[in-house]
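Residue numbers (my numbering), protein chains in the order written: chain B, -5 to 146; chain W, -5 to 146; chain Z, -5 to 146; chain F, -5 to 146; chain V, -5 to 146; chain L, -5 to 146.
Report on one structure; see the data block that follows.
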């Protein structure tokens, strides 16, 4: 599983152009969304912010070796539940966790566990987001769910 | 690795006495601290709170199957970094993550990743806590570190 | 008023089955909602989470003696305002506070007071939630409001 | 620049009636909303809270000399982004910042910068709020935008 | 008990001088600290901030009728636990709650209950603060504890 | 004042090596600390995190045109006060704000204003940090304070 994240290692100090391209590819791989969608959402308000998401978020952080992507995304779900207010990102990254190999059960376990640290309201709200994400996938399965629809 | 968390499954609706005993054992396994230490810290102020930590925290949540303990503790570290204020718990559970099989590198990766979601100050403060935990372990290695002192 | 919370005292270490039944009854008494509603909201995503809400939340914590229910629910409103993001729970527990004997004026006082500790936006948002809860009760009075509709 | 905030200085310990009038005027100047709108939103739930917003928020704090209003409102935007949950206030005060002389670019810069301190989700959510505020102004320009529509 | 908070009612729109004097008296009554101590802590950095604490915090909010002081201070403890980071204020207001008639047991109940809403770390940290406050009072009893040392 | 932040504009998409060098220079200019100090604090725990602080924090964000540095640092102070838990960063950036031209009075105004949005405890704690920073500067004036010691 670490092979997923290890391959970019020797590029990790590459020039900006590479970070941008690597980040856009990584974002698509993890979230199932294209960089174009992110840029469209931000519109003309802050195009550089989209670039930072690609370059720093996905080109730097999510391209690091040292931790497999499945654990990374489950940790991200945990962090977003603890924040409490990041509903939009939570929805995206519950999907990301599923995209990179976590099961629905694992996502639910991580969220429930956060009740201990961030309280029941944060966990309950996140479980209702997970319920929506799961229902949307059942209604329109993502391609990457195809091979494991019985296992998640 | 999932064998660590799967064994209590058929006890999961057991009576309270079992939850308490199971929780105390689980707490010791994960944190390397005894229930007596937790109770001593709380003193006579709130003995029932210690009981809830054992019963609900460790007897219920951390005894659930469905997610391996290493991932659980890395998710907990992520959540505690995102909270921002839980320094004491963060110190304990960085240790817990190491106790249940996470490497130092993995702990550091999870913390750094939280800079994306909770900001650089939360991540930086947590890295300094990790530095202290690692240094304390180097000075007085926990028994469970013995076999992997070179690898973490 | 303390008689409401004192009667379960000698059951407080009872087996799990009792915690579950006691918690469901307590939840209904406080929130005016049935356990079935809570379970339906969570659906098949996390049925155990509903069980923890019943057992730990209402069977353990809200069944404790030592503090009357009216003060407990006003403290809960205060805590939820301070969290800032728990709109759903705030709406439920503004209702709970009214259900267990707090007046509308007391709920409003607690929320306004939180402006000091959590800032004006958190308090203002919570006052607008209270306004909605009060309006819904005026439109469809809960049975327990019957005897005090003029006084709250 | 300090002339904007300096003129009330010698009234700063004036009686309550003056604080109220000064606060209502200041609120209108900054937010472009009338005190009547604030009171209408709160309705009969908490009229005193509206008074505190006028008296303490605008009559005391926002009437202080020592910092120009443009910087004050950009700092407020920064604080609201960092809070994470204050969407309603953020929308109002992105508008306030524009009303008192900040440019759209400056608002966007402050929000983007908060990604460093409060994380990308808080900043991203705030940028989408800014996008909405800017679009609403383009659709129905505020009078005070008239003279600088090309510069912001 | 409501007589404690009801007496200032008809002064509630009094001039600033009265708010200041009333606030300083109220602060002393509730916290057991003098306004001079608060001002000394702030030193020359922000004397007006001390004035706002007196005038708005204690002269306005804590002088309102409509909720008894004991419930107010227990709600404040709840809110401060939920905030997570307000250790200094929490220490002061655990003392305030005791000063205005809450028992130690009630303070502990409110804190434990917050584990449900803000998580176990926030509640555990707060219990350890309570333990310190109680120990300091045992070592040097406040005068107001004299008459009820057996009852709290 | 905008000349401070405008000069790097045409380098803003430069290769990584430039981002790193630019970021280290910018960090030193703003915080008065060297990159070596930051790296030393992190030690061997997370050297890449220091690199991200330089590259993304200072090389990207704090090298952007569009907002003068004085306003940027006052906005950062506001955001850190609102976070509540970032004491270490707050101390550094109160100093940064002074370094780039903000007066002590302006720093205090921004902090006091945050009482409205994040509550009095967050603002009070931050004022006490400011008091310490100011006292340390009085004891050992930074070179850049030399020319304006009477004015801040």
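For glycine and all other residues, C-beta sits at the position ideal for the given N, C-alpha and C.
Assignment of alpha helix (DSSP H) within the stretch 50 to 95 of chain F, counting only whole runs of 4 or more residues, yields 63 to 77, 81 to 93 in chain order. Interface with chain L (8 Å Cβ-Cβ cutoff): residue 114 of chain W is included. Residue 27 of chain L is not a Cβ neighbour of residue 36 of chain L, given a cutoff of 8 Å. Interface annotation, residue 75 of chain V: not in contact with chain W, CB-CB separation never under 8 Å. Against chain W, a Cβ distance below 9 Å from residue 46 of chain Z picks out 50, 54, 55. By the neighbour-count criterion, in which 16 or more other beta carbons inside 10 Å mark a residue as buried, residue 40 of chain L falls on the buried side. Residues of the stretch 97 to 113 of chain F whose Cβ lies closer than 9 Å to any Cβ of chain W, in chain order: 108, 109, 110, 111, 112, 113. Interface residue (Cβ-Cβ distance to chain L less than 8 Å): residue 133 of chain V is not classified as such. Residue burial is scored here from C-beta neighbours: residue 126 of chain F has fewer than 16 other C-beta atoms within 10 angstroms and is therefore classed as exposed. Nearest Cα to residue 135 of chain F within the set F:111, F:69, F:122, F:93: F:93. For residue 92 of chain V, no Cβ of chain Z is located within less than 8 Å of the residue's own Cβ.
By the Cβ-count criterion, residue 132 of chain F is exposed, with fewer than 16 other Cβ atoms from all chains shown falling within 10 Å of its own Cβ. With a threshold of 16 other beta carbon atoms within 10 Å, residue 129 of chain V falls short and is exposed. Rounded to whole angstroms, the Cβ separation of residue 51 of chain W and residue 118 of chain B is 17 Å, and the two are not in contact under 8 Å. Taking the Cα of residue 44 of chain L as reference, the smallest distance to any Cα among W:124, W:123, W:106, W:63 is reached at W:106.
Counting only Cβ-Cβ distances below 8 Å, residue 121 of chain F has contacts in chain B at 36, 39, 40, 43, in chain order. L:15 is the residue among L:68, L:15, L:38, L:60 whose C-alpha sits nearest the C-alpha of residue 48 of chain L. Here residue 112 of chain F is buried, its C-beta having at least 16 other C-beta atoms within 10 Å.
With 16 or more other Cβ atoms from the protein chains shown falling within 10 Å of its own Cβ, residue 96 of chain L counts as buried. Across the set B:17, B:101, B:89, the C-alpha of B:17 shows the shortest separation from the C-alpha of residue 54 of chain B. Counting only Cβ-Cβ distances below 7 Å, residue 66 of chain V has contacts in chain Z at 107, in chain order. Within a 10 Å sphere around the beta-carbon of residue 34 of chain W sit fewer than 16 other beta-carbons, which makes this residue exposed. Linking residue 115 of chain Z to residue 68 of chain L through their CA atoms gives a straight-line distance of about 21 Å. Residue-level contact check: residue 60 of chain B touches chain W, since one or more beta carbons of chain W fall below 8 Å from its beta carbon.
For residue 45 of chain B, the enclosing alpha helix (DSSP H) stretches over residues 41 to 46. Contacts between residue 124 of chain F and chain B, judged by CB atoms closer than 7 Å, involve 39 in chain order. With contacts defined as CB atoms closer than 8 Å, residue 104 of chain B and residue 72 of chain B qualify as a contacting pair. Residue ranges of uninterrupted alpha helix (DSSP H) with 4 or more members, entirely inside the stretch 89 to 132 of chain F and ordered along the chain, are 98 to 112. At least one beta carbon of chain B lies nearer than 8 Å to the beta carbon of residue 79 of chain F. A Cβ-Cβ distance of about 17 Å is found for the pair residue 88 of chain F and residue 32 of chain F, leaving them out of contact under the 8 Å criterion. As the crow flies, the alpha-carbon of residue 56 of chain Z is around 51 Å from that of residue 38 of chain B.
Contact of residue 83 of chain L with chain W is assigned, a C-beta pair being separated by under 8 Å.
By the 16-neighbour rule on beta-carbons within 10 angstroms, residue 30 of chain W is exposed. Counted as a single uninterrupted DSSP element, the stretch harbouring residue 134 of chain F is not any alpha helix (DSSP H), since DSSP gives it neither H nor E. Within the same chain, Cβ atoms closer than 8 Å to the Cβ of residue 84 of chain W are found at 71, 74, 75, 120, 123, the five residues on either side in sequence being excluded.
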